[in-house]
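Enquirer: Counting the sequence shown from 1 gives a position; the working numbering is that position plus 366.
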Amino acid sequence: MRDPTSFLKQEYDDLVRQELDWKLRVLGGPSAPWCLVDGKRVLMFCSNNYLGLSNHPKLREAAKHAVDTHGAGSGSVRPIAGTMDLHMELERRLAKFKGAEASLVYQTGFAANAGLIPQLAGKGDVIVSDELNHGSIIDGVRLSPAERRVYKHADAGDLSRVLNEAERASPEFRRILIITDGVFSMDGDVAPLDKIASLGAEHGAMVYVDDAHGEGVLGEGGRGIVSHFKLPRDKVQVEMGTFSKAFGVVGGHVSGSRDLVNFAYNKSRTWTLSGSHPPAVVAACIAAVDVLEHEPQHVQRLWENTRYFKKAMTDLGFDIGVSTTPITPVMVGESGKAKRLSTRLYEIGVLALPIVYPMVAQGRARIRTIMNAALTKEDLDFAIGAFGTAGKELGIIPSTK
Ligand SMILES: Cc1ncc(COP(=O)(O)O)c(C=O)c1O
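1) Taking all protein chains shown into account, decide if Thr636 is buried (16 or more other Cβ within 10 angstroms of its Cβ) or exposed.
2) From Asp496 to Val516, what does the alpha carbon distance come to, in whole angstroms?
3) Within 10 angstroms of its Cβ, does Arg514 collect 16 or more other Cβ (buried), or is it exposed?
4) Which residue's Cα is closest to the Cα of Lys601: Val592, Gly607, Thr449, Thr608?
5) Give the single residue among Gln663, Val573, Ala727, Gly554 whose Cα lies nearest to the Cα of Asp560.
6) Ligand 1 and Gly475: does any heavy atom of the ligand fall closer than 7 Å to the residue's C-beta?
7) Which same chain residues end up closer than 7 Å to Ala756 when comparing Cβ atoms and leaving out the 5 residues on each side of it in sequence?
8) Would you mind giving the Cβ-Cβ distance between Pro645 and Ala432, rounded to the nearest angstrom? I have them listed as a contact below 8 Å.
9) Quick one: grab the DSSP three-state call for Met679.
10) What I want to know is whether the C-beta of Ser634 ends up closer than 7 Å to one or more non-hydrogen atoms of ligand 1.
11) Could you spell out the range, first to last residue, of the beta strand (DSSP E) harbouring Val494?
12) Comparing the CB of Gly618 with every heavy atom of ligand 3, is any distance shorter than 7 Å?
13) Taking the alpha carbon of Ile493 as the reference point, which residue from Ser640, His569, Ala557, Thr742 has its own alpha carbon closest?
14) CB of Ser642 to nearest heavy atom of ligand 1: below 7 Å?
15) Going along the chain, which residues of its own chain have a beta-carbon closer than 6 Å to the beta-carbon of Arg697, five neighbours each way excluded?
16) Kindly list the residues whose CB is nearer than 6 Å to the CB of Ala478, restricted to its own chain and excluding five residues on each side of it in sequence; keep chain order.
17) Buried or exposed: where does Val382 fall if 16 or more other Cβ atoms within 10 Å of its Cβ makes it buried?
18) If you draw a straight line from the C-alpha of Val549 to the C-alpha of Leu584, how long is it?
19) Among Asp656, Glu581, His500, Gly490, which has the Cα closest to the Cα of Glu538?
20) Taking Cβ to Cβ, would you say Ser526 is nearer than 8 Å to Leu565?
21) Cα separation between Gly481 and Leu639?
22) For Lys703, I'd like the list of residues in its chain whose CB is within less than 8 Å of its CB, leaving aside the five on either flank, ordered along the chain.
23) Based on the DSSP secondary-structure assignment, which residues constitute the bridge partners of Tyr574?
24) Looking at the structure shown, is Thr709 part of a helix, part of a strand, or coil, going by DSSP?
25) By DSSP, does Val471 sit in helix, in strand, or in coil?
26) Figure out for me which residue from Leu417, Gln384, Val615, Trp400 has the closest Cα to the Cα of Lys705.
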C-alpha cells in the first residue's frame with residue numbers, strides 16, 4: 367500500500383540531519399534596533415527594515431487610523447470589490463515617487479514576480495536572466511512557457527553574447543525579456559543596469575529589474591536603482607519592488623508605463639485572483655512613501671552607518687566580500703563555522719543569521735548583516751565588538767587585531 371504522507375516526516379528529518387532546517391526566531395515585539403528575540407534582548411543586525419520604518423510613528427498611526435476609517439479587511443480581490451480609495455492613492459503616490467507614469471501594487475514582491483513575468487513572455491519568446499537572480503524571479507520564469515537563457519552573474523559581456531545568440535535563433539523569437547535583481551541579496555553587489563539597459567535598447571528587449579533591496583537605499587532619496595544610474599524611464603520598462611524591506615511594511619509593486627499597468631491589471635493572475643491588502647497595510651505603505659519624501663535623514667544615516675561598519679570590519683580582518691550596499695556579508699566559508707559564529711553573536715547580544723548551502727554555494731557560507739538607519743554609533747560599536755570577540759574565538763580573524 368502506498369503511504370501518502372510519510373515523505374513529510376522523512377524529508378523534514380533529512381533537512382534536520384543536514385542542519386538545513388529553519389529554526390524560527392520569535393520576536394516578542396516590534397522589529398527595532400534592540401529586539402526581544404526568543405526572550406533575549408539583542409541588537410537586530412539582519413532585518414530588511416533598512417530605514418527602521420516598520421516601527422516609525424507615522425506608519426503606526428496611519429495603520430491604526432485606516433482601521434477606524436476603512437475596517438480590517440478589503441473584502442475582495444482588486445478587480446471585483448477590493449479596490450479602495452487607499453489602494454489607488456498608494457499607486458498614485460508610488461508612481462510620483464518613482465517618477466513613473468503609473469504603478470500597481472501586489473500583495474507581495476513574490477506575487478509580483480510570479481504573476482507578471484509569465485504574462486510578459488510566453489510561447490515563442492525568450493527570457494534572459496542573471497544566474498544569481500532571486501528565487502521569486504526563478505519561479506516567475508518557470509511559470510512561463512518562454513525559452514530561458516541564463517547569463518553569468520552581473521556580466522554585461524556575457525549578456526551581450528546570450529542576446530546575440532538569441533537574435534540568431536531560428537525560428538526568430540517574438541519578444542526578448544531581460545530580468546535582473548537590482549541589488550543581489552546574498553552579496554550586496556549592484557547589477558550593471560546602465561549596461562543592461564543599453565543592451566536592451568540595442569536588441570529591442572524589455573528590461574525588468576527587481577529592486578527589492580535597492581529602493582529606500584540607492585538613488586535620490588532612496589528612489590532606487592533606476593534613479594541611482596540616472597536612467598531614462600523608457601530604458602527600464604519594468605521596475606519591480608517590495609514594501610517589505612526598506613518601506614517597512616509588506617506588498618510588492620511594479621512601476622512603468624500606463625500601458626504596462628493596464629496590461630497587468632487585467633492579465634496578472636496573482637493580482638486578479640488573490641485578495642487585496644487590508645486598509646492598515648495600504649495606509650502604512652502610503653505613510654512610508656511620505657516619510658521617504660520628507661525625511662531624507664534616514665537614507666543618509668543608513669549610508670553613514672554602512673561606511674562605518676564596513677571600515678571597522680575590514681580593519682578587524684574580516685572578509686566582507688564585494689558588497690557596495692548596506693548588505694554586508696561576513697564571509698566564513700564553512701557552514702558549521704558560520705552557524706557557530708551566529709550562535710556566539712546571539713550569546714553576546716547580536717542577531718545576525720548564517721546563510722549556508724544551498725542558499726549560497728558550498729564553501730561560501732557567511733553571516734549576512736543588513737545595516738539599519740536607526741542604529742546609533744554605540745549600537746554599531748557593540749556589534750563590531752561582538753564580531754571581534756566571536757571572530758577571534760573561532761579563528762576567523764587574527765587574535766592580534
Ligand atoms: C530580490 C527579491 N525579490 C523579491 C523578494 C520578495 O519580496 P516579498 O517579501 O515582498 O515577497 C525578495 C524578498 O526576499 C527579494 O530579496
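For each residue, glycine too, the CB sits at the ideal point set by N, CA and C.
Expert: Based on what the coordinates show:
1) Here residue 636 corresponds to residue number 270 of the sequence shown, with the count starting at 1. Thr636 comes out buried.
2) Translated into positions along the sequence shown, residue 496 becomes position 130. Translated into positions along the sequence shown, residue 516 becomes position 150. Cα to Cα, the separation comes out at about 6 Å.
3) As a working mapping, residue 514 is identified with position 148 in the sequence shown. Exposed.
4) In the sequence shown, the residue the question calls residue 601 occupies position 235. The candidate whose alpha carbon is nearest that of Lys601 is Val592.
5) To locate residue 560, count along the sequence shown from 1; it is residue 194. Of the listed residues, the one whose Cα sits closest to Asp560 is Val573.
6) What you label residue 475 is simply residue 109 of the sequence shown in a count that begins at 1. Within the cutoff, so yes.
7) Position 390 of the sequence shown holds residue 756. So the list reads Leu707, Arg710, Leu711, Ile714, once near-sequence residues are dropped.
8) Your numbering for residue 645 matches position 279 in the sequence shown. Your numbering for residue 432 matches position 66 in the sequence shown. About 4 Å; that satisfies the 8 Å criterion.
9) Here the question's residue 679 lines up with position 313 in the sequence shown. It is helical.
10) Walking along the sequence shown from the start, residue 634 turns up at place 268. No, ligand 1 has no heavy atom inside 7 Å of this Cβ.
11) Along the sequence shown, read from residue 1 onward, the residue named residue 494 stands at position 128. Where Val494 is concerned, the enclosing beta strand (DSSP E) stretches over 492-496.
12) Annotation note on ligand 3: not contained in the displayed structure, which lists ligand 1 as its ligands.
13) Within the sequence shown, residue 493 is the residue found at index 127, counting from 1. Looking at the Cα atoms, His569 is the closest of the given residues.
14) Here residue 642 is taken as the residue at index 276 of the sequence shown, counted from 1. No, since every heavy atom of ligand 1 falls outside the 7 Å radius drawn around the Cβ of Ser642.
15) Here residue 697 refers to the residue found at position 331 when the sequence shown is read from its first residue. Per the sequence shown, residue 697 should be read as Met rather than Arg. Asp685, Gly687, Arg732.
16) Start at 1 with the first residue of the sequence shown, and residue 478 comes out as number 112. Around Ala478: Tyr472, Met606, Gly618, Val620.
17) The sequence position of residue 382 within the sequence shown is 16, counting from 1. It is exposed - the Cβ of Val382 has fewer than 16 other Cβ atoms within 10 Å.
18) Within the sequence shown, residue 549 is the residue found at index 183, counting from 1. Within the sequence shown, residue 584 is the residue found at index 218, counting from 1. If you take the alpha carbons of Val549 and Leu584, they lie about 9 Å apart.
19) As a first step, residue 538 must be located in the sequence shown, where it is residue number 172. When only C-alpha atoms are compared, the closest one is Gly490.
20) What you label residue 526 is simply residue 160 of the sequence shown in a count that begins at 1. What you label residue 565 is simply residue 199 of the sequence shown in a count that begins at 1. Closer than 8 Å, so yes.
21) Here residue 481 is taken as the residue at index 115 of the sequence shown, counted from 1. Here residue 639 is taken as the residue at index 273 of the sequence shown, counted from 1. Distance between the alpha carbons of Gly481 and Leu639: 10 Å.
22) For the purposes of this step, residue 703 is identified with residue 337 of the sequence shown, where counting begins at 1. Closer than 8 Å at Cβ, skipping near neighbours: Ala731, Leu760, Ile762.
23) As a working mapping, residue 574 is identified with position 208 in the sequence shown. Tyr574 is bridged to Ile545, Val604.
24) As a first step, residue 709 is located in the sequence shown; it is residue number 343 there, counting from the start. Note: Thr709 maps to helix in three-state DSSP.
25) Here residue 471 is taken as the residue at index 105 of the sequence shown, counted from 1. Note: Val471 maps to strand in three-state DSSP.
26) Residue mapping note: residue 705 aligns to position 339 of the sequence shown, counting from 1. Out of Leu417, Gln384, Val615, Trp400, Gln384 has the C-alpha closest to the C-alpha of Lys705.
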